[in-house]
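Position 3, counted from 1, in the sequence shown is what my numbering calls 4; the numbers after and before it change by one each time, with no gaps.
No residue lacks a Cβ here, since even glycine has one placed at the ideal position from N, Cα and C.
Working notes, beginning with the structure itself.
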Amino acid sequence: MEPISNYGAMKLASEAQIRAAVESYLDRANILRFPNVVGTPATHGVILDFVHKLQATPHVLDVLGDGTQQKIYLHVEDLVEAMLCVAERASGPIQTSSTLAQTTTASRCVRLPRQCETKFHRASIRFGKGNRGWVGDVPRFVMTCVRSSGLGWTPAMDPGWP
2 MEPISNYGAM
12 KLASEAQIRA
22 AVESYLDRAN
32 ILRFPNVVGT
42 PATHGVILDF
52 VHKLQATPHV
62 LDVLGDGTQQ
72 KIYLHVEDLV
82 EAMLCVAERA
92 SGPIQTSSTL
102 AQTTTASRCV
112 RLPRQCETKF
122 HRASIRFGKG
132 NRGWVGDVPR
142 FVMTCVRSSG
152 LGWTPAMDPG
162 WP
C-alpha cells in the first residue's frame, strides 16, 4: 500500500478506481494481484532476459543487482486456474485475491538458462551492486495468499527452480 515505483503506484490507483466503480455502478469486481508469470510462450521476464543476454554474450552473464532480490513466480496454467476459481467462487461486491506462488532469488534464476543450454554452462556470472536491479525495483517481494487459498485454490505446478 506504499509503492516505491510508478508501476506500483499505478496498480494501487487502478484498484482504487475499481473500488470507486463498484460503489457507483458496478455490482461486483474481482481484483487479482498477480506475481511474475512463467511458462510458454514467454514474451518477457527475468529468465528470457538472461537467455537473450547469454545469446548476445555466451561467456558472461551480467545480472542487475547483487542477486539477493526475491521475486515471486507462478506458472501461467496455475494463474488461469486461479482466475477461474476467483470468478466462480468469490462472493461480495469486491474480492481482492493474491495468488500463491513460489519465492526465489535472482541468483537462483540465473541457473536455469545455464542448466538448460549446454553452450551456456561455462558462462561466468557478474552480479551488480546493491539489492535492487533497477530504479523502483523491490528487493524483497512478499505476497499473501490468504484470500485465494480461502477460496479453495492452490497451485498445481512448481515453476521448476533449481
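Go through its chain and collect everything with a Cβ distance to V77's Cβ below 6 Å, but skip five positions before and after it.
V38 and G40
C-alpha gap between P156 and D79, whole angstroms
Between P156 and D79, the C-alpha separation is close to 5 Å.
Got a sec, what are the start and stop residues for the beta strand (DSSP E) D63 sits in?
V61 to V64
Indicate the three-state DSSP secondary structure (helix, strand or coil) for N37 in the structure shown.
N37 falls in the strand class under three-state DSSP.
Taking R123 as the reference, give the member of I73, V87 and P114 with the closest Cα.
P114
Quick one: give me the first and last residue of the beta strand (DSSP E) that Y74 is part of.
Under the DSSP assignment, Y74 falls in the beta strand (DSSP E) whose first and last residues are Q71 to H76.
Which of helix, strand or coil DSSP assigns to D132
The sequence shown places Asn at residue 132, not Asp. Three-state DSSP puts N132 in coil, outside helix and strand.
Closest Cα partner of D28 within the set G93, I48 and S6
D28 has its Cα closest to that of G93, out of G93, I48 and S6.
Among A10, F35, V87 and S125, which residue has its Cα nearest to the Cα of F210?
The shown model of the chain, from 2 to 163, leaves out residue 210, and the question about it has no answer.
Assuming A91 contacts L152 under a Cβ cut-off of 8 Å, what Cβ separation, rounded to an integer in Å, is found between them?
7 Å
Leaving aside the five residues before and after P163 along the sequence, list all residues of the same chain whose C-beta is less than 7 Å from its C-beta, in chain order.
Reliability of the predicted coordinates at P163 is poor, the pLDDT of 47 falling under 50, and the value obtained from them is presented with this limitation in mind. Excluding positions up to five away in sequence, the list reads R109, R112, L113 and Q116.
Tell whether a beta-carbon distance below 7 Å holds between Q96 and N31.
yes
Between A10 and the rest of its own chain, which residues show a CB-CB distance below 8 Å, the 5 nearest in sequence each way excluded?
P4
To the nearest angstrom, how far is it from the Cα of A21 to the Cα of Y8?
20 Å
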